[in-house]
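Undergrad: The numbering of the sequence shown is the working numbering, which starts it at 1 and goes up by one.
Backbone N, C-alpha and C fix where the C-beta goes; we use that ideal spot for every residue, glycine too.
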Amino acid sequence: MTSMQNIVQFSKEAGPIGIFDSGYGGLTIYNEIKRLLPQYDYIYLGDNARTPYGTRSFNVVYEFTRQAVRHLFAQGCQLVILACNTASAKALRSIQQLDIPQLDPNRRVLGIIRPTVESIGELTKSRHVGVLATEGTIKSLSYPLEIRKLFPDIEVTGEACPIWVPLVETNEFASDGADFFVKRHIDNLLARDSKIDTIILGCTHYPILMDKIRKYVPEGVNVLTQGSAVAASLKDYLHRHPEMDLLCTKGGTTRFFTTEADGKFGNQASLFLQQQIEVETVTLV
Ligand code: DGL
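1) Which residues in the same chain as A100 place their Cβ atom closer than 8 Å to its Cβ, once the five residues preceding and following it in sequence are excluded?
2) Whole angstroms is fine: what's the gap from I186's alpha carbon to R127's?
3) If distances are taken between C-alpha atoms only, which option among Y40, G18, L45 comes closest to T259?
4) Take Q275 and list the residues in its own chain whose beta-carbon comes closer than 7 Å to its own, dropping the five residues that flank it on each side.
5) When you compare only the Cα positions, how much space is there between G296 and E122?
6) Tell me, to the nearest whole angstrom, how far the beta carbon of F20 is from that of A83; I am working on the premise that it is less than 8 Å.
7) CA-CA distance, L271 and Q96?
8) Three or more beta-carbon pairs under 8 Å between the stretch 165-184 and the stretch 142-156, yes or no?
9) Just how far apart, CA to CA, sit F256 and I81?
10) On the three-state DSSP scale, how would you describe T65?
11) Tell me whether P52, by its Cβ, gets closer than 8 Å to a heavy atom of ligand 3.
12) Suppose the cutoff is 6 Å on Cβ atoms and the five residues either side in sequence are ignored; what does the same chain contact list for T225 look like?
13) Under three-state DSSP, which class holds T259?
14) Name, in chain order, the residues that DSSP records as bridge partners for L82.
15) Which residues bound the alpha helix (DSSP H) around A178?
16) Secondary structure at N267, three-state DSSP: helix, strand or coil?
17) Starting from N31, follow the alpha helix (DSSP H) in both directions and report where the run begins and ends.
18) Please return the same chain residues whose Cβ sits closer than 6 Å to the Cβ of T65, not counting the five positions on each side in sequence.
19) Alpha carbon to alpha carbon, how far is Q78 from A133? Give it in angstroms, no decimals.
20) Going by DSSP in three states, T116 sits in which element: helix, strand or coil?
21) Going by the C-beta, is V117 closer than 8 Å to any heavy atom of ligand 1?
22) Go through the stretch 131-174 residue by residue and report every complete run of the beta strand (DSSP E) that reaches 3 residues or more, in order.
23) From A174 to E13, what does the alpha carbon distance come to, in whole angstroms?
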């Protein structure tokens with residue numbers, strides 16, 4: 001298929017804002033976006049059947065994320081937020097540089113690492129920051145690289161927490177067993193740099209573990225979740241890009257899609273959203 005054929009396959013009409021994650025984690029971002037910008041229409045897509053992404057290779061995360069973006073474009077989304085740090089770290093740049101020009105140069109895909117990083121400059125006094133994230137995000141070095149661009153004086157230490165996403169996806173986040181893994185990674189991080197006064201939860205699943213995280217993070221250390229920073233950044237983006245704002249419909253609705261069985265997603269998602277939702281199953285190709 002030529003690039004011209006690709007360009008004409010998607011509609012130019014306004015559509016919902018797409019929000020994508022490997023699973024449920026992006027719901028923590030969706031919640032804050034919906035709270036701040038309730039007037040827009042949204043489509044949430046969780047690739048629950050193939051989660052976690054954090055231990056997968058660059059090429060696999062890129063391919064899965066590209067499929068998700070294509071699906072959301074086909075649903076009419078002109079703007080897509082990768083509400084997943086692993087996808088933002090491993091796939092965003094390739095999608096922006098290689099895929100968007102082919103698919104539709106007028107559409108936009110935004111990540112969540114940059115908006116998160118922008119807010120830490122004022123938070124840390126010691127200028128020592130920790131990042132807890134998936135193996136993929138930590139290995140990509142996206143956080144230290146982005147932080148260095150904005151705040152070269154900040155020292156960054158990362159700790160991969162490979163079990164944390166499965167704890168959330170399997171609904172074990174409140175179990176006693178979860179304490180062991182939460183404590184272990186916080187201890188590891190602080191043992192490597194005891195001056196850390198701000199910890200970024202660089203995975204959208206992690207706010208679900210917040211009760212346990214707070215239990216093991218010493219008093220006085222900030223724990224930064226991403227939702228409100230991402231929502232504020234999206235609001236600012238739409239304000240600065242009225243042409244894109246016009247392409248986002250405003251009906252206050254949300255449709256939820258998952259690659260898993262719809263009933264399974266619906267039950268679990270209701271815990272995150274404190275409401276029952278309708279879910280549709282899709283296959284990404
Ligand atoms: N919520 C994702 C992130 O922010 C997920 C991770 C995963 O699927 O491993 O990185």
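TA: In terms of the structure at hand:
1) The residue you asked about is not Ala; residue 100 is Ile in the sequence shown. So the qualifying residues of the chain are R107, R108, V109.
2) 18 Å
3) L45
4) none
5) In the structure displayed, the chain extends from 1 to 285; residue 296 sits before or after that span and is not available.
6) 6 Å
7) 33 Å
8) no
9) 14 Å
10) helix
11) Of the ligands this structure carries, namely ligand 1, none is ligand 3.
12) L201, P207
13) coil
14) F20
15) 176-192
16) helix
17) 26-36
18) A87, A91
19) 29 Å
20) helix
21) no
22) 155-160
23) 43 Å
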